[in-house]
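Read the structure below first, then the notes.
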Amino acid sequence: MATASSSAGLRSERKRRAPVLDVSVLGGFRVERRDSGGSIHEWHRRSAKTFMKLLATCPEHSLHREQIVEVLWPGVEMDSAFNSLGKALHAVRHVLEPDLPPRGSSAYVRTSDSMVMLAMERVSIDADRFQQLAEQALRAVDVDACELALAAYEGELLPEDRYADWCAERRGFLVELRVRLLLELAEAHEARGSCNLAADRLREVLRDDPSREAVHRRLMRLYVQMGMPDQAVRQFQRCEVALRSELDLTPQQETLSLAKEVLHNQVTVHPVRPATARPAKPSGTHEEIADERTPDRPFVGQSVLIDALCATLIDTKRSGGGMVLLSGEAGVGKTVFLEALAADVTRRGGAVLWGGAGAHATHFACGPFAVALEGHAASRSEDERNELARRYPALARFVPSLGLGAQLPPLAADPGDNRLGLLTEIVRLLTDLARRQPVLVVLGDLLDVDPVSLDLVRYLAHLAAQRQWMLIGAVRDDQLVADTGLRRMFDAMMRERLCRKLELRCLSAAECSELLRAVVPADRLTGDLAEHVYAETRGNPHLVLELVRDLNVGGEDLRSSRGDGSRPDGNGRPFLSSLDVTRLAHVDGATRRVLELVAAAKVRAISLRDLRAAASLLEPPVPDSQLLDALDRGLELRLLEERGGGYGFRHPLISTRLHEGLALHRREHLHAALSRTNSGRGLECSCGTCAMCGVGSRS
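Numbering that gives the first Met the number 0 numbers the first residue of the sequence shown as 0 and each following residue consecutively.
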């Protein structure tokens, strides 16, 4: 008895002294003892080494002995296979612990009934560490945490076993985790205005998997935003070659259309937020929504519309309201309106699923719904997330907070079946959630929503008659005009009464004054200032704030503005705001020349006759057909409006910025053409440097 007790004590003491094993499977298989740092190389049996790899790569690090023999000795008679398993297990234990007695129990590899497992309190595996860091980073949407997780990824899982079936699923799972981290970082860098860093992250994704077409498209758009359309065209060519060589496919229509838009300079440029801005986070609570609200964009007006929408959604006696199409010109405040609506719905007891915050959300199937459901799942407790993963297993591959660490269901052979199962479970989850509380799904900018999401939107709008939910997305009027497919879809939905269009209008003079009171110190706000701002901006909230900055009347936050009312670029010319750039990004070269001509007239409206005369005098001249097409385009984009039998800019501020942003020789050329028309006889220019002014250079 004493001998048995002594032996047990020795075994316990030996296990206690056993050093932790660091097992690496990322970038190649390695095992090291932490105390000495010595690597273990003497794997006398190949089956023993593979046996250790199996245990290290399976998620639970525990396998039934029949699972092991199916991998190591397939097709071998069971008795013989189990005999080989015993020898491999013995070899593994003695490789890890050379001093282990013949019948001693291992400190690292244990057996229980028919199960073989690693003792994880004494074994550390790099793949587990990477997965844990990645899970935490994706849930927190934290840039530093994402960088830390990426640093823990030292390479592909077991590259020496690249074609082995037994580690393929785990390898694919970790690769996808890394891709999600890279895309999250690309989004965060882009949101901060660091386009080069964002492009670097996207290129990393494509370096390892050049067949990801959605990432190619995103990188193309980023190149255009950086002012490098030539690189966008080259990226399309790389995409085309990769798809053909890797998958024997041709690019999707969406990619072909984007390439065509790049070649014709018609790509929508999304303004980049300044470097101090925080990356947007999927939100589900009022506090999160309020936290993401742009600090210099107070919410003014539109309260009646928000109250009406909330009443429609919250009223349990009727359906949630179906689909709402929020339209309006650029800068009118659609995003701020959506944030205010979401906060109000939350205050009234509704659930908000925010799917319009992430740039990468628009670049894969059902992206906005993925972001919305991830925001919902990430805000739940661990037990609630586990329950969601159990009830909606198809979402485990779709929503990071549900899929990480869960046993993923097998993929169907037909990709169409996987997509159908995904859409079905999205509808089931929304239905179950709507039984408990009204649900608002915010889709963001509908122009960039993928086709699968649009199909789901149509279906959810049909179901809204029996469900307590509302979907809402934003689109600019000019985008709806340009995208005929999107316009036809919503026209059909409105005819079927599945959708209603809600147009946000610019502020009234009284509301414009209210906005000014929120951003201009009381001692600097005068009646003349309010009248001037409203006359220049026509109540467009974005332009109001831009002009306040230009006039340097907004207090200490706006000290970078010039006292003469302009913000110069590096060449001394007034700076075009992100909104101006976005509006003008929709126009081709001929249209821009006509807009510059209208701006140079410096009159409230210029007649078609005078425009024709001046356009014919430009070098090269603008043909009559191009002039008429340009006017049509300017009216469609709501840059121009018909006024007093002529054409003028809808917002005088944009006209001023467009004209004064031109180089001197361009302004002189336009003025020379206009001076020979009837409207140019009394033309005056306030630029101070143009020969037409007759005052010479500004001192």
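Think of the CB as a built atom: it goes at the ideal place given N, C-alpha and C, for glycine as much as any other residue.
Because the structure is a prediction, the values reported are computed rather than measured.
Asked                                                                                                                                                                 : Found
Since Thr525 is in the beta strand (DSSP E), which residue starts that stretch and which ends it?                                                                     : Run containing Thr525: none; DSSP gives neither H nor E here.
How long is the line joining the alpha carbons of Glu168 and Leu117, rounded to whole angstroms?                                                                      : 20 Å
In whole angstroms, what is the alpha-carbon distance linking Trp353 and Ala341?                                                                                      : 8 Å
What residue range is occupied by the uninterrupted alpha helix (DSSP H) comprising Cys309?                                                                           : 302 to 313
Going by DSSP, which residues form a beta bridge with Ser38?                                                                                                          : Glu31
Mapping DSSP to helix, strand and coil, what is Trp72?                                                                                                                : coil
What does the alpha-carbon distance come out to for the pair Arg33 and Arg16?                                                                                         : 12 Å
Do you know how far the Cα of Arg170 is from the Cα of Glu183?                                                                                                        : 20 Å
In its own chain, which residues sit with a C-beta less than 7 Å from the C-beta of Ala376, not counting the 5 before and 5 after it?                                 : Arg384, Leu387, Val398, Ser400, Leu401
Would DSSP call Leu470 helix, strand or coil?                                                                                                                         : strand
Using 8 Å as the limit for Cβ to Cβ distance, is Ser507 near chain D?                                                                                                 : The structure shown contains no chain D; it is built from a single protein chain.
Just the Cα atoms here: how many angstroms apart are Glu424 and Pro73?                                                                                                : 37 Å
DSSP on His670, reduced to helix/strand/coil?                                                                                                                         : helix
Take every Cβ of the stretch 221 to 239, pair it with every Cβ of the stretch 186 to 203, and state whether three or more of those distances are shorter than 8 Å.    : yes
Tell whether a beta-carbon distance below 8 Å holds between Val518 and Leu544.                                                                                        : yes
DSSP on Ala464, reduced to helix/strand/coil?                                                                                                                         : coil
Rounded to whole angstroms, what's the CA-CA distance from Arg44 to Leu246? Just pull it up for me.                                                                   : 38 Å
Could you give the distance in angstroms between the alpha-carbon of Ala662 and the alpha-carbon of Glu641?                                                           : 28 Å
Buried or exposed for Thr110, please, with buried defined as at least 16 other CB atoms from any protein chain shown within 10 angstroms of its CB.                   : exposed
Does the beta-carbon distance from Ala350 to Ile305 come in below 8 Å?                                                                                                : no
Helix, strand or coil for Tyr458 per DSSP?                                                                                                                            : helix
Nearest-angstrom Cα distance between Ser378 and Gln135?                                                                                                               : 13 Å
Classify Cys505 as helix, strand or coil using the three-state DSSP reduction.                                                                                        : coil
To the nearest angstrom, report how far apart Gly26 and Ala47 are at their CA atoms.                                                                                  : 20 Å
Return the chain-ordered ranges of every beta strand (DSSP E) run that is complete within the stretch 87 to 134 and spans a minimum of 3 residues.                    : 108 to 111, 114 to 117, 122 to 124
Under the rule that 16 or more other beta-carbon atoms within 10 Å means buried, what is Ser654, buried or exposed?                                                   : buried
Quick one: grab the DSSP three-state call for Cys498.                                                                                                                 : strand
For Leu54, collect the residues of the same chain with a Cβ closer than 6 Å to its Cβ; drop the 5 residues on either side in sequence, then sort them by chain order. : His60, Leu117
So, with DSSP's three-state summary, where would you put Arg561?                                                                                                      : Low confidence applies here, because Arg561 scores a pLDDT of 37, under 50, leaving its location unreliable and the question unanswered by this model.
Which runs of the beta strand (DSSP E), 3 residues or longer, sit entirely within the stretch 313 to 354?                                                             : 321 to 327, 350 to 353
I need the straight-line Cα distance from Ala356 to Phe368, nearest angstrom please.                                                                                  : Because Ala356 carries a pLDDT of 46, less than 50, the predicted location of this residue cannot be relied on, and the following value inherits that uncertainty. Spanning the two alpha carbons is a distance of roughly 11 Å.
Note down the Cα distance separating Ala613 from Leu596, rounded to an integer number of angstroms.                                                                   : 8 Å
Hey, how far is the Cα of Asp587 from the Cα of His263?                                                                                                               : 7 Å
Apart from the five residues on each side of it in sequence, which residues of its chain come closer than 6 Å, Cβ to Cβ, to Leu177?                                   : A small correction: the amino acid at residue 177 is Arg; Leu does not occupy that position in the sequence shown. Counting only Cβ-Cβ distances below 6 Å, and skipping sequence neighbours, we find Tyr152.
With DSSP as the reference, label Ser210 as helix, strand or coil.                                                                                                    : coil
Mapping DSSP to helix, strand and coil, what is Ser23?                                                                                                                : strand
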